[in-house]
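Undergrad: Counting along the sequence shown from 1, when you hit position 99 you're at 100 in my numbering, and nothing is skipped either side.
Even for Gly, the Cβ is constructed at its ideal location relative to N, Cα and C.
As the structure is a computational prediction, the values presented were derived from the model and not from experiment.
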Amino acid sequence: MRYFVSFDPATPEAVTTVDIRELPSGALQVEIEGRRVEVDAEQVGPSLSIRVDGRVVDLTTEGAPPELGAIASGHRSYVRVESERQRAAARTKTSGGGGGDKTLKAPMPGRVVRVLAKPGDAVIAGQPLLVLEAMKMENEVKARADGTVLTVHVTEGATVESNARLLTLA
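1) Could you tell me whether the Cβ atoms of V116 and E134 are closer together than 7 angstroms?
2) By the 10 Å Cβ neighbour count, where 16 or more other Cβ atoms means buried, how is A118 classified, buried or exposed?
3) Measure from the alpha carbon of R56 to the alpha carbon of each residue in L69, N140, D41 and E68, then state which is nearest.
4) Just to confirm the assignment, what range does the beta strand (DSSP E) spanning D59 have?
5) Going straight from the alpha carbon of G148 to that of A171, what length do you get?
6) Under a Cβ-count criterion, where at least 16 other Cβ atoms within 10 Å of its own Cβ denotes burial, should E43 be classed as buried or exposed?
7) Compare the C-alpha of R112 against each of Q128, V153, Q87 and E139 and name the closest.
8) Alpha carbons only, please: which of A71, V132 and V142 is nearest the one belonging to A126?
9) So, helix, strand or coil for Q128, using DSSP?
10) Using a beta-carbon distance below 7 angstroms, is V31 in contact with chain C?
11) Identify every run of the beta strand (DSSP E) within the segment 9-61, keeping only runs that are complete inside it and at least 3 residues long; order them along the chain.
12) Indicate the three-state DSSP secondary structure (helix, strand or coil) for R88 in the structure shown.
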């Protein structure tokens, strides 16, 4: 199965392709950017114990797919994971005459630190619109396309859940 993984909520379009297939032994063969490794995984309580190239990493996740907080051996990071099927379904949903959803949503739960745009502002693709603090990191939420800010749905200091509406562009 092919997956598309983003490690930075500020640039969700920067994805790494990951191919995973189960081997007859029960282990997984994982290919990331042309590099193949064999991975053994075992559920240990709330964590997953993963052995890669002789090294063991304990992995715990927070949140719900596709946006996850991942804690690996004490290091915390953001991960967005979409399967090939999920991506195809999303493309089908937004390929109608409406031009897709122009509402920017929170990539993970967090607190709004700064709102950098207001209704009526013209914005360009890649422009930071809001700063969200999540998992002790500040993450910029950027415009995916050129447009005009129609609505700001949050205020500074607000706590938001994953997928909460932040801004709508026209």
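TA: By the coordinates alone:
1) no
2) buried
3) D41
4) R56 to A65
5) 6 angstroms
6) exposed
7) E139
8) V142
9) coil
10) You won't find chain C in this structure, because it holds only one protein chain.
11) 17-23, 29-33, 36-45 and 48-53
12) helix
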